[in-house]
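A short worksheet on the structure shown next.
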Amino acid sequence: MESGEQKTIALLRVMQPAGQENGGKGCGSKGSKGKSSCGSSAGQGDLSPEIWEKVKNHPCYSEEAHHHYARMHVAVAPACNIQCNYCNRKYDCSNESRPGVVSERLTPEQAAKKVLAVASTIPQMTVLGIAGPGDPLANPEKTFRTFELVAKTAPDIKLCLSTNGLMLPDYVDRIAAMNIDHVTITINMIDPKVGAKIYPWVFYNHNRYTGVEAAQILSERQLLGLEMLTARGILCKVNSVMIPGINDHHLVAVNKAVKSRGAFLHNIMPLISAPEHGTFFGLNGQPGPTAQELKLLQDSCEGEMNMMRHCRQCRADAVGLLGEDRSAEFSTEKVMAMEVDYDLASRQAYQEKVEVKRQAVVAARNVELATLAGERSDISILIAVATKGGGRINEHFGHAKEFQIYEVSTAGSKFVGHRRVDLYCEGGYAEEDSLETVVRAINDCHAVFVARIGGCPCEGLKAAGIEPVDRFALEYIEQSAIAYFREYLERVRSGEVEHQQRGDADIRQGALIA
Amino acid sequence: MAYKIKESTCVGCSACHDQCPNHAIVEKNFVLSIDPTKCTECIGFFSEPQCVAICPIPRTIHINPDVPRFQMAV
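In order, the protein sequences belong to chains A and B.
Its first residue numbered 9, the first sequence is counted upward by one per residue in the working numbering.
Its first residue numbered 462, the second sequence is counted upward by one per residue in the working numbering.
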């Protein structure tokens, strides 16, 4: 195997265009300069060991980790100090989550118990985040009390915080003191004139500010907070909501500005704005981006810094792997009734097994990647995948609530996004327009990988130009994607199929209230 | 001499609770209410009433029609 590995490394170096760095084992996906967002070999790529330690099992900071590790949020922070045009305050904060979701609110003590309950039931849960339902730093006592309790009773769990940044400079000291080493700030603009279209008001220093003045204050405070955090070595992710016509082009400048202030990861998320959510943008017909618009923007920022593509815009009380939702198992009522025994050793033992599985996924991909060695082509395709997690194609087409999207080319495979869909198959029978919804959601894909699929959707997909593929059932996603792509290239070269560009797709349709 | 929280539109975010200089706002089971005997309409403290300024739902915190307006002692 050794010489095979060396051959792979040598070939990957040859495949990299000049000027791109490569840790030697990177998957070398286009445009990413070997950054870990694409999940290179052990995912480390060119990250320093200290940083890799912090992110390698955080499902939001490492795309590769999100197939294996889980996180949870506790909704202890209901108050907010600003108003965004994409947020309806009846629901959770839309800076990380999607409109229409109401999280169950908890006191810090209830939250601490919930963390122990989840950590014991889901040993691969490695991160506790406080993200809402409002802004954590508008509820500092509740937020920090929760972190204090968790740090005491579950010391191996990473602490994570998400904020609009308005009050951030005032709390950096406290954040550092609590060993919170992941912070997300939502930065949608660095130009207050753009900001005035996004933020109707900001409550700061005992006054409500509006217009450009409000956005100016918010922007200064956010950027200052970011600088202060990175100066202390705290890993900062920046979330940005992409709002076509308002900040879509501007986000390129935001990307550069946050990179220069030391942000580690940039998560550009699509605006979600159905009228049923009752947000200002929703009620006034401000659309979100299409899949292509979003991908183009993310691709154009990729060269500057790590881009996060796998955000699920989850609930402020989310529990589980990013693609699943186990929050119902851990309602406050259920949690308070549970007897919980926190066993650190058994959690660590479980996580060691998860690491072994994770390495196996990576190894399988690299083996397959070697078979592409020497291939050159401009062709790239998108593949949709139905999965329950673990990096395998292990979900039935009709049961998938989301499809993961992978981009494959001669450089390898890369996770580039996900699409939420209505459940196609409810109660054993399918609905006509559910298939249409799925087709619109994955319309830009050449194929969809599933563990199983019924005959009827099969026909519908083929008619739409999407090949349903179940021959890789239960196998590794990326390994299969690369194998499929190699075959695809052969079919194109032999003239059996003509490669055609696919059309655009809808990231999300309708007002899913879940 | 007081503001009042309209129960039907209040979302229970409790943002107002921490801003009141008179500690006049009480929270019970995620429902907020203002004690009219303690509210000074922020007169003597701030240029705008704080609860109104931070409340995210328009027209939810309004002048309480059932009590006289606050007058600073002369």
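Think of the CB as a built atom: it goes at the ideal place given N, C-alpha and C, for glycine as much as any other residue.
Quick caveat, the model's predicted, so the values are computed rather than measured.
- If one requires a minimum length of 3 residues, the beta strand (DSSP E) runs lying completely within the stretch 153-241 of chain A are 166-171, 190-194, 209-212, 215-218, in chain order.
- Contact fails between the stretch 243-261 of chain A and the stretch 113-131 of chain A, because fewer than three Cβ pairs, one in each stretch, are under 8 Å apart.
- By the neighbour-count definition (other C-beta atoms within 10 Å, threshold 16), Asn96/A is a buried residue.
- Look at Cys474/B: its C-beta is under 9 Å from a C-beta on chain A.
- Within the stretch 292-354 of chain A, the complete alpha helix (DSSP H) runs of at least 4 residues fall at 299-310, 340-345.
- About 32 Å separates the beta carbon of Gly311/A from that of Lys365/A, a gap too long to meet the 8 Å contact definition.
- Contact check for His81/A against Leu329/A fails: the beta carbons are separated by 9 Å or more.
- Ala73/A counts as buried, since no fewer than 16 other beta carbons sit within 10 angstroms of its beta carbon.
- Inter-residue distance for Glu347/A and Val393/A is about 38 Å (C-alpha atoms, whole angstroms).
- The three-state secondary structure of Lys245/A, taken from DSSP, is strand.
- Cβ-Cβ separation between Val327/A and Met236/A: approximately 31 Å, too far for a contact (criterion under 8 Å).
- Across the structure, Leu352/A and Thr161/A are spaced so that their CA atoms are roughly 10 Å apart.
- Put simply, the stretch 106-124 of chain A does not touch the stretch 358-378 of chain A. Fewer than three CB pairs are less than 8 Å apart.
- The shortest CA-to-CA distance from Gln412/A to any of Ala455/A, Ala282/A, Phe272/A is the one to Ala455/A.
- Identification of residues in the stretch 482-511 of chain B having a C-beta nearer than 8 Å to some C-beta of chain A yields Phe491, Phe507, Ser508, Glu509, Gln511, given in sequence order.
- When only Cα atoms are considered, Phe506/B and Glu61/A end up about 49 Å apart.
- Neighbours of Pro86/A in chain B, taken as residues whose beta carbon is under 9 Å from its own, are Val472, Gly473, Cys474, Ser475, Ala476, Phe491 in chain order.
- Listed in chain order, the non-local C-beta contacts of Arg501/A below 6 Å within the same chain number zero, local neighbours out to five positions each way being set aside.
- Ranked by Cα distance from Leu273/A, the first of Ser388/A, Glu156/A, Arg317/A is Arg317/A.
- For Glu483/A and Gly219/A, the gap between their C-alpha atoms comes out near 53 Å.
- Close to chain B, meaning a Cβ-Cβ distance shorter than 7 Å, are the following residues of the stretch 98-130 of chain A: Lys98, Arg113.
- Cβ neighbours of Arg520/B within its own chain (closer than 8 Å, five residues either side excluded): Lys467, Thr470.
- Between Ala185/A and Leu234/A, the C-beta gap is not smaller than 9 Å, which leaves the two residues out of contact.
- The three-state secondary structure of Phe405/A, taken from DSSP, is helix.
- Straight across, the Cα-Cα distance linking Ser488/A with Cys516/B is about 52 Å.
- Looking from the CA of Phe289/A, the closest CA among Pro208/A, Glu415/A, Phe152/A, Glu410/A belongs to Pro208/A.
- For Ile515/B, the chain A residues whose C-beta falls within less than 9 Å of its own C-beta are Ala87, Cys88, Asn89, Ala146, Phe211, Arg216, listed in chain order.
- DSSP places Lys499/B outside both helix and strand once states are collapsed to three, so it counts as coil.
- By the rule that beta-carbons nearer than 9 Å mark a contact, Ile518/B touches chain A.
- Put simply, of Ala463/B, Pro497/B, Phe491/B, Glu509/B the residue whose alpha carbon is nearest the alpha carbon of Glu112/A is Phe491/B.
- Less than 9 Å separates the beta-carbon of Ile195/A from that of Leu231/A.
- Going by DSSP, Lys62/A is part of the alpha helix (DSSP H) stretching over 57-63.
- In this structure, Asn255/A is the residue among Cys168/A, Asn255/A, Thr151/A with its C-alpha nearest to the C-alpha of Asp199/A.
- By the Cβ neighbour-count rule, Gln306/A is buried, with 16 or more other Cβ atoms within 10 Å of its own.
- Under DSSP, Ser421/A shares a beta bridge with Val416/A.
- For Lys365/A, DSSP records no beta bridge to any residue.
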